[in-house]
Amino acid sequence: MSKSIIVVEDDQSKADELLGFFRNNYSHCEVVLVTSYSSAMRIFQNQSFDLMILDMTLPTFADEHFTVERSFEKFGGLMILRELKRKHKLLPTILFTMFDDFGNRNERISLDQISLDLGKRYKEYFLGAVFYESPPGRDWVISLQKILNDNNFNC
């Protein structure tokens with residue numbers, strides 16, 4: 062039976078890059094894309110996955126046509142992890158983000174600090190973080206592949 066991956070990412074270019082990466086390197090895996098906190102939580106009601114690629118900053122609700130201004134959660138990814146933990150549905154997760162720090166002027170937290178915190182809070186489920194640079198280079202591919210290899214992920 063093939064493995065399934067959920068990608069929780071609202072940025073179309075990042076999502077396309079990730080989907081291309083998995084299509085080229087893990088073609089036997091089923092990959093599902095969702096673009097918001099609410100769409101992620103909805104799909105977890107009926108489906109389970111073997112791996113989650115998770116953006117940190119996410120819109121609360123999906124608007125595929127970008128016709129409505131969306132509200133964003135700076136820590137939407139954390140909200141998803143908290144909710145999955147509460148429901149006993151945690152799964153191996155890789156944080157995938159283009160920001161190296163989060164928060165507002167008064168409260169900022171670095172990607173390194175978030176990674177350490179997630180590693181402590183979600184021990185065996187948090188596999189690591191990948192920084193996606195814009196414009197996209199290939200460093201993120203190397204980082205993602207290393208995390209997947211280090212955790213023996215294959216389809």
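Heads up, the sequence shown stops at 216 in this note's numbering, and the numbers go up one at a time, no gaps. From the three backbone atoms N, C-alpha and C, an ideal C-beta is built for every residue, glycine too.
Is ASP111 closer than 8 Å to SER65 when the C-beta atoms are compared?
Reading the sequence shown from its first residue, position 4 is the one you call residue 65. Reading the sequence shown from its first residue, position 50 is the one you call residue 111. Their beta carbons are under 8 Å apart, which means SER65 touches ASP111 by this criterion.
Report, in whole angstroms, the separation of the C-beta atoms of TRP201 and PHE192, which I expect to be a contact under 8 Å.
Counting from one through the sequence shown, the residue named residue 201 turns up at place 140. Counting from one through the sequence shown, the residue named residue 192 turns up at place 131. About 7 Å separates the two Cβ atoms, so the contact holds.
Could you check if GLY81 is buried or exposed, using at least 16 other CB atoms within 10 Å of its CB as the buried criterion?
Locating residue 81 in the sequence shown gives position 20, counting from the first residue. Exposed, by the Cβ-count rule.
Taking DSSP's pairing of strands, which residues face ARG199 in a bridge?
On the sequence shown, position 138 is the one that residue 199 refers to. Bridge partners of ARG199: none, in fact.
Taking the alpha-carbon of GLN73 as reference, which of GLY198, THR121, LEU94, CYS216 has the nearest alpha-carbon?
As a working mapping, residue 73 is identified with position 12 in the sequence shown. Comparing Cα-Cα distances from GLN73 to each of GLY198, THR121, LEU94, CYS216, the minimum goes to LEU94.
How about SER176 and GLY189: are their beta carbons less than 8 Å apart?
The residue given as residue 176 occupies position 115 in the sequence shown. The residue given as residue 189 occupies position 128 in the sequence shown. In this structure, SER176 places its C-beta atom within 8 Å of the C-beta atom of GLY189.
Would PHE157 pass as a contact of ILE114 if the rule is Cβ separation under 8 Å?
By one-based count along the sequence shown, residue 157 stands at place 96. By one-based count along the sequence shown, residue 114 stands at place 53. Against a cut-off of 8 Å, the Cβ pair of ILE114 and PHE157 comes out as a contact.
6 Å CB neighbourhood of ALA101 in its chain, flanking five on each side removed
Locating residue 101 in the sequence shown gives position 40, counting from the first residue. Beyond the five residues adjoining it in sequence on each side, ALA101 comes within less than 6 Å, by CB distance, of VAL69, VAL95, ILE141 in the same chain, given in chain order.
Per DSSP, what kind of secondary structure is ILE208 in: helix, strand or coil?
Residue numbering aside, residue 208 sits at position 147 when the sequence shown is read from its first letter. Correct three-state label for ILE208: helix.
Under 6 Å Cβ to Cβ from ILE67, same chain only, skipping five residues before and after it: list those, please.
Translated into the one-based positions of the sequence shown, residue 67 becomes position 6. Around ILE67: VAL93, PHE110, MET113.
Can you tell me whether ILE155 is buried or exposed? The criterion is at least 16 other CB atoms within 10 Å of its CB, across all chains shown.
On the sequence shown, position 94 is the one that residue 155 refers to. The residue in question, ILE155, is buried, as its Cβ has 16 or more Cβ neighbours within 10 Å.
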